[in-house]
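Position 226, counted from 1, in the sequence shown is what the working numbering calls 639; the numbers after and before it change by one each time, with no gaps.
All C-beta atoms in this analysis are idealised placements derived from N, C-alpha and C, irrespective of residue type, glycine included.
These figures come from a predicted structure and were not determined experimentally.
So the structure is just underneath, and the comments pick up after that.
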Amino acid sequence: MTERLARGPGRVALVTGAQQGIGRTIAHRLHRDGARLVVNDILRTDALLNVAAEVDGLAVHADVSDARAVRAMVADVEATLGSVEILVCNAAVETLGELTEQDPAEWWHHLDVNLTGTIELIQAVLPAMRGRRAGHIVVLASIWGYTGWPRASAYAASKTGLVGLTQALGPELRRDGVTITAVAPGIIDAPQIQVDADDAGISLDDMRTRYSHDIPLGRLGTTPEVAAAVSFLTGPAAKHYTGQTVHANGGGYRGPS
Numbered sequence: 414m415t416e417r418l419a420r421g422p423g424r425v426a427l428v429t430g431a432q433q434g435i436g437r438t439i440a441h442r443l444h445r446d447g448a449r450l451v452v453n454d455i456l457r458t459d460a461l462l463n464v465a466a467e468v469d470g471l472a473v474h475a476d477v478s479d480a481r482a483v484r485a486m487v488a489d490v491e492a493t494l495g496s497v498e499i500l501v502c503n504a505a506v507e508t509l510g511e512l513t514e515q516d517p518a519e520w521w522h523h524l525d526v527n528l529t530g531t532i533e534l535i536q537a538v539l540p541a542m543r544g545r546r547a548g549h550i551v552v553l554a555s556i557w558g559y560t561g562w563p564r565a566s567a568y569a570a571s572k573t574g575l576v577g578l579t580q581a582l583g584p585e586l587r588r589d590g591v592t593i594t595a596v597a598p599g600i601i602d603a604p605q606i607q608v609d610a611d612d613a614g615i616s617l618d619d620m621r622t623r624y625s626h627d628i629p630l631g632r633l634g635t636t637p638e639v640a641a642a643v644s645f646l647t648g649p650a651a652k653h654y655t656g657q658t659v660h661a662n663g664g665g666y667r668g669p670s
């Protein structure tokens, strides 16, 4: 499951869904911050191995919706590097379609990966975090968890669940030295945009224009901007943040967090 990496200085950071897009950029940013990286994705692909090499880290493949695989992954990481001190729950699935056209299995797949998978990851790392009385958990939510989005009801519902999870666990973990926060990106210029363009039958540029229309700053967000929020929330300046959501959306959502 893993390749061996020597113990050494720096906090151990596990980033799921890290082979591309937001997850990859977060891994790079945390590496710059001095963390020792463990990068995860569902399959052991060349892309995942490349990211691990880029951040001098460990590549771990596991399906986050499989509780047994998650526990085995975390146990292996702890045996190799020590306890996970930063957990970034980024792995997610997103498919578009009207509710009446979606198979129930597709709905459950969104919940299994996006919501239940996050819960299983948190459950797996918490014992060691509590033992050390130190840990930062960052959950990747979404603007769509607040505003919804046509033809993305399953994805939006799963992301709303992550917001509630974060709000509930903030006070629950307050005596354990563990903080949990969420980052809710707006529409980010990442590989998913091409998927959405293909689904809509339009060009990538037209998709970007369509998505940018309702963003006050007039453009899509970038993966480094999301990674900067994660860096802040896992750093020393964020000691007073827990149970809260940071919105990185160019002003696309300005309501209560």
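Element boundaries [beta strand (DSSP E), containing residue i]
i, result
"N453", "R449 to D454"
"L427", "V425 to V428"
Neighbour-count burial assignment, residue i, 16 or more Cβ in a 10 Å radius
i, result
"A419", "Unreliable positioning characterises A419 in this predicted model, as indicated by a pLDDT of 42, which lies under 50. The coordinate reading is nonetheless provided below. A419 should be labelled exposed."
"D469", "exposed"
"R667", "exposed"
"Q607", "exposed"
"P629", "exposed"
"G536", "Residue identity check: residue 536 is Gln in the sequence provided, not Gly. So Q536 ends up on the exposed side."
"K652", "exposed"
"L456", "exposed"
"T513", "exposed"
"I615", "exposed"
"H444", "buried"
"D454", "buried"
Bridge partners - residue i, DSSP secondary structure assignment
i, result
"P598", "A661"
"A386", "Here the chain comprises residues numbered 414 to 670, so residue 386 is not present and cannot be evaluated."
"I550", "L500 and I593"
"G634", "I601"
Enclosing alpha helix (DSSP H) for residue i [first to last residue]
i, result
"A460", "D459 to E467"
"P584", "S566 to E585"
"Y624", "L617 to S625"
"G434", "G434 to R445"
"Y559", "W557 to T560"
Neighbourhood of residue i by C-beta distance below 6 angstroms, restricted to the same chain and skipping five residues each side
i, result
"A640", "T438, I439 and R442"
"H724", "Nothing about residue 724 can be read from this structure; the chain reaches only from 414 to 670."
"S644", "R442 and D446"
"S571", "H523, L524, N527 and L528"
"G590", "R546 and A547"
Close Cβ partners of residue i (< 8 angstroms) along its chain, the five nearest in sequence each way excluded
i, result
"Q605", "G434 and E507"
"A595", "V551, V552, L553, A554, L575, V576, T579, Q657, T658 and V659"
"T491", "First, the residue type needs correcting, since residue 491 is Glu and not Thr in the sequence shown. So the qualifying residues of the chain are V497 and A541."
"L617", "I606, Q607 and A610"
Sequence-distant residues of its chain with Cβ nearer than 7 angstroms to residue i (five each side left out)
i, result
"V464", "A431, Q432, R437, A440 and V452"
"V487", "V497, A537 and V538"
"G664", "I628, P629 and L630"
"R564", "L509, G510 and E511"
"W520", "A567"
"P584", "G656"
Distance cut-off 7 angstroms: residue i Cβ against heavy atoms of the ligand GTP
i, result
"I606", "Inclusion of the ligand GTP in the displayed structure is not the case, the ligand content being empty and no account of it being possible."
* What are the start and end residues of each continuous alpha helix (DSSP H) run of 4 or more residues lying completely inside the region 477-531, in chain order? -> 480-494 and 517-523
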